[in-house]
Amino acid sequence: MAFLACVLAVAACSSDESLERGSVGYVEGFLGGAVADEPRAALVGRDVLSAGGSAADAAVAMGFTLAVTLPSS
């Protein structure tokens, strides 16, 4: 899990000027990433950050996604 977090942090350091706000993969800021136990929750977090949402927005969206995809946890 720590390795995945490090990979995501390093990947977020690169900047690609061809991406526009709202497109998949666009994150504004110094570092950003979304890590979750369930892949769909991580994708939702990434999408929220790509659309210009804050870390709190991404965390809430990921929490709701985890509640739906992993209801026993």
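Numbering follows my numbering, with no gaps: position 66 of the sequence shown is 62. Ideal Cβ placement from N, Cα and C applies to all residues, glycine included. From a predicted model like this one, the values you see are computed outputs, not experimental measurements.
- Excluding residues up to 5 positions away in sequence, 30, 31, 32 and 58 lie with their Cβ nearer than 8 Å to the Cβ of residue 38 in the same chain.
- Inter-residue distance for residue 66 and residue 52 is about 20 Å (C-alpha atoms, whole angstroms).
- For residue 55, there are no CB contacts under 7 Å within the same chain when 5 residues up- and downstream are skipped.
- Around the C-beta of residue 41, 16 or more other C-beta atoms lie within 10 Å, and the residue is accordingly described as buried.
- Closest in C-alpha terms to residue 16, from the list 45, 36 and 35, comes 45.
- Counting along the chain, residue 54 sits inside the alpha helix (DSSP H) bounded by residues 51 to 65.
- When only Cα atoms are considered, residue 61 and residue 48 end up about 19 Å apart.
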